[in-house]
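Asks: At position 46 of the sequence shown (counting the first as 1) the number is 45 in numbering that gives the first Met the number 0, and the numbers step up by one without a gap. We treat Cβ as the ideally placed atom computed from N, Cα and C, and that holds for glycine. If you're wondering where the values come from, they're calculated on a predicted model, not measured in any experiment.
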Amino acid sequence: MRPTCCPPTKIWSQAVPTDPCLYRLYEIVGVYGPTIKALIEEKFGTGIMSAIDFEMSVTR
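1) What is the DSSP secondary structure of R23, counted as helix, strand or coil?
2) Under three-state DSSP, which class holds T34?
3) Could you check whether Y25 and P16 sit closer than 8 Å to each other, using their CB atoms as the reference points?
4) Roughly how many whole angstroms lie between the Cα atoms of I35 and G46?
5) Is F43 helix, strand or coil by DSSP?
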C-alpha cells in the first residue's frame, strides 16, 4: 500500500495488476471505459479529460 504522505503517480509496476482490488478496478475500466468515454464526450465534447480535480466517493 502507498503511504498517504506521497502524491499519486502514473507509474505501473506491471501490465495487469495482481492485487485483487486493483485488478477489479482495472477490469472496470476495461469493460466500462468505452461507455464512460462516450458519455463524457456526449456531455463535454471530444478532447482530453483531466484528472486534476478528480473526486471520488466510496459507499457500501
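Replies: Quick answer:
1) helix
2) helix
3) yes
4) About 14 Å.
5) F43 falls in the helix class under three-state DSSP.
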